[in-house]
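Right, one structure below, let's go through it.
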Amino acid sequence: MVPVIVIAAVVVLIAIWAVLIFNRLVRLGNEAKRGWSNIDVQLKRRADLIPNLVEAVKGYAAHERTVFEEVTAARTAMQQATGPAQAGEANKQASAALGRLFAVSEAYPQLRASENFQKLQDELTDTEDKIAAARRYYNQTVYQYNSRLQSFPDLIVARLGAFREREFFELEQPADAQPPSVEFPTGAGPQ
Amino acid sequence: MTLEEQIRSNRIRSGMLVLSFGLVFVGIGAAVQALYGGVSLIVIAGVAFIYAIFSWFANGSMIGSWTGARLVTKEQYPELVRAVENAAIGAGLEQPPQVRVVDDPCPNAFAAGGSPKSSYIAATTGLLGIMDKRELEAVVAHEIGHVRNRDVRLMSLAAVLVGVVALVADLALRFAFFGGARRRGGGNPILMIVGIAMLILAPIAAFGIQMSLSRRREYLADGSSAEITGDPEGLALALWKLKGDKTELRHANRATAHLYIETPLNNTSGARAALSGLFNTHPSLDARIELLEKMGGFQLSALVGPQPKLS
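Going down the list, the protein sequences come from chains A and B.
Just remember that this note's numbering sits 144 ahead of the position in the first sequence, which is counted from 1.
Just remember that this note's numbering sits 329 ahead of the position in the second sequence, which is counted from 1.
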């Protein structure tokens, strides 16, 4: 009788432990998902702003066709991207193309003075800032999540629960996702 | 300490704070009862209990009215609101906190409220005046760090509870000297001495609790800011600008001092200066800048001149 109870107790403990690990993985996965949706919202906003910007610039500099084509192509790539890695590539392309468009617009003082153009430029800068902020959070979360999936004992639960690693967004070195770490002074005395 | 541990410890401390606040008020009540008799203990403890519950939910708006922080819209302060939005995204908050502004030339900022959803970030007009976009984002990210680390409820509670302990003890003491004691005349002298001693000790105990909360938390929030913006240099530059400032915040007092990003009580000379050094709620700006230099691997003196400008 005693061995049966011991075995049952061990099984129950292991089950509880597995559930805890499972829940932690789900929570991290959800955080990564939320991080991604933050990026996605801004990517969509950026894609929506681009045609307006192109229209505004066309009004003053209709002959700069190559730049317009470049920007439009980048926008299409953004919209067709599936998954963070592809979206990251397309977003980089869009940033480069927009950079050239703004460089070109420097030569048109009337365009730069236009209120509509200034507003669009301001909005696009804001999306860029927000994408940068969302990217940092997303990559940090994905880094934590993926490292858990790769390490024992979470690895076993992850395999059984069919958890899959997530892609990074615009990141060359996965280790770059780690926040800087430093020892904090703990003394509470007067400084 | 990981973020989860920090959050858990903050939750426990918030509970402990309310509990010790209750105990201090039972003490004050007992002291008043010893001095004046009657049912003072029950009345005072009861009022304190109601006040504590009220504070738990309404500390944000209480602090808002004490500090003169008013709600603002994105149209009024687009840069500040955007900085808050960006930092909230960087910290992974579900929604950005509300934004308030204090009309004061002294540059400073704080966060107050309860849960991340009911918190707000407040900045003075002085801060908005002297910080560029990068520095403002770093300062705001420090405050968002307090929100994410769940520091705000604890710090806000400390502010509204500590302040009222000092107020009530002070009132009771005044009555002891100028009013009731004469009226009751033949009270037990030992009880009266104990009562007065308690009334003197109560605010000291309260400030002790408040001070124990703050210093380490500031370092942690600086670290959170660097993590959120990825830019420890920006915060170091902002702190350097704050260091050059010697103005004093109009609405700041001992009770709310620990809320701010930098100590709002800048007494540069005299007895008050010596005292404020002893009872500082914040680590020195130099120590904080040094820590950021270590995090980011840079030297602030290489970025700016050796002496901060005086404004």
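For each residue, glycine too, the CB sits at the ideal point set by N, CA and C.
Just so you know, these numbers come straight off a predicted model, no measurement behind them.
| request: Could you tell me whether the stretch 376-385 of chain B touches the stretch 349-357 of chain B, where touching means 3 or more Cβ pairs closer than 8 Å? | output: yes
| task | Return the bridge partner residues of Gln-427 (chain B) from the DSSP annotation. | result | According to DSSP, Gln-427 (chain B) bridges with B:Tyr-449.
| task | With 9 Å as the threshold, decide whether the Cβ of Gly-232 (chain A) is near any Cβ in chain B. | result | no
| Candidates B:Ser-447, B:Asn-478, B:Pro-561, of which the one nearest Glu-333 (chain B) by Cα | B:Asn-478
| query | Buried or exposed: where does Glu-414 (chain B) fall if 16 or more other Cβ atoms within 10 Å of its Cβ makes it buried? | reply | buried
| task | Out of B:Gly-458, B:Cys-435, B:Glu-423, state which residue places its alpha-carbon closest to the alpha-carbon of Ser-444 (chain B). | result | B:Glu-423
| CB of Gln-186 (chain A) within 9 Å of CB of Thr-269 (chain A), strictly | no
| message | Helix, strand or coil for Ala-176 (chain A)? Go by DSSP, reduced to three states. | response | helix
| query | Name the chain B residues whose beta carbon is nearer than 8 Å to that of Gly-179 (chain A)? | reply | Gly-421
| request: Please name the residue, chosen from B:Leu-566, B:Thr-592, B:Gly-389, that lies closest to Ser-630 (chain B) on a Cα-to-Cα basis. | output: B:Leu-566
| query | Using a beta-carbon distance below 9 Å, is Asn-182 (chain A) in contact with chain B? | reply | yes
| message | Quick check on Ala-600 (chain B): does DSSP put it in helix, strand or coil? | response | In this prediction, Ala-600 (chain B) scores a pLDDT of 49, lower than 50, which makes its location untrustworthy; the coordinate-derived value is nonetheless stated afterwards. Three-state DSSP puts Ala-600 (chain B) in a helix.
| field | Spatial neighbours of Arg-189 (chain A) in its chain, beta-carbon cut-off 6 Å, leaving aside the 5 residues before and after | value | Thr-271
| message | Would you call the stretch 468-488 of chain B in contact with the stretch 385-401 of chain B, where contact means no fewer than 3 C-beta pairs closer than 8 Å? | response | Judged by pairs of C-beta atoms under 8 Å, the stretch 468-488 of chain B touches the stretch 385-401 of chain B, as three or more such pairs exist.
| Roughly how many angstroms lie between the CA atoms of Lys-274 (chain A) and Arg-178 (chain A), to the nearest whole one? | 14 Å
| request: Using a Cβ-Cβ cut-off of 9 Å, state whether Asn-415 (chain B) counts as contacting chain A. | output: yes
| said: Do Ile-557 (chain B) and Gly-442 (chain B) count as a contact pair if the criterion is CB distance below 9 Å? | reply: For Gly-442 (chain B) and Ile-557 (chain B), no; Cβs fall outside 9 Å.
| task | For Arg-411 (chain B), collect the residues of the same chain with a Cβ closer than 8 Å to its Cβ; drop the 5 residues on either side in sequence, then sort them by chain order. | result | Lys-403
| From Thr-210 (chain A) to Leu-193 (chain A), what distance separates their C-alpha atoms? | 19 Å
| query | If you count every other CB in all the chains shown that lies within 10 Å of the CB of Ser-394 (chain B), and 16 or more means buried, which is it? | reply | Classification for Ser-394 (chain B): exposed.
| Entirely enclosed alpha helix (DSSP H) segments - the stretch 163-244 of chain A, minimum 4 residues | 209-224
| Interface residues of chain A around Gly-455 (chain B) at Cβ under 7 Å? | Simply none; closest approach about 24 Å.
| task | Using 10 angstroms around the beta-carbon of Gln-539 (chain B), count the other beta-carbons present and answer buried if the total reaches 16, otherwise exposed. | result | buried
| request: Decide if Glu-309 (chain A) is buried, meaning its Cβ has at least 16 other Cβ atoms within 10 Å, or exposed. | output: Exposed, because fewer than 16 other Cβ atoms sit within 10 Å of the Cβ of Glu-309 (chain A).
| message | I want to see whether chain A comes within less than 9 Å of Arg-479 (chain B), judged by CB atoms only; does it? | response | no
| request: Report the three-state DSSP secondary structure of Phe-307 (chain A) (helix, strand or coil). | output: Correct three-state label for Phe-307 (chain A): coil.
| field | Within-9 Å CB hit, Met-145 (chain A) to chain B | value | no
| said: Any beta carbon from chain B within less than 9 Å of Glu-175 (chain A)'s own beta carbon? | reply: yes
| message | Cutting at 7 Å between CB atoms, please list the residues of its own chain near Arg-579 (chain B), excluding the five before and the five after it. | response | By the criterion of a C-beta distance shorter than 7 Å, Arg-579 (chain B) is surrounded in its chain by Asp-433, once the five residues flanking it on both sides are discounted.
| request: Could you list the residues in the stretch 557-579 of chain B with a C-beta less than 9 Å from some C-beta on chain A, going in chain order? | output: Ile-557, Thr-558, Gly-559, Pro-561
| query | Listing by chain order, which chain A residues have their CB less than 9 Å from the CB of Arg-337 (chain B)? | reply | By Cβ distance, chain A contributes nothing, its closest Cβ being about 15 Å from Arg-337 (chain B), past 9 Å.
| query | How should Lys-263 (chain A) be labelled, buried or exposed, when 16 other C-beta atoms within 10 angstroms of its C-beta is the threshold for buried? | reply | exposed
| query | So does the stretch 608-619 of chain B actually touch the stretch 544-554 of chain B, counting three or more Cβ pairs closer than 8 Å? | reply | yes
| query | Taking Cβ-Cβ distances shorter than 7 Å, what residues in chain B pair up with Thr-271 (chain A)? | reply | The contacting residues do not exist; Thr-271 (chain A) stays about 11 Å from chain B at best.
| field | Exposed unless 16 or more other CB atoms sit within 10 angstroms - verdict on Lys-575 (chain B) | value | exposed
| What does DSSP give as the partner residues of Arg-399 (chain B) in its beta bridges? | B:Val-430
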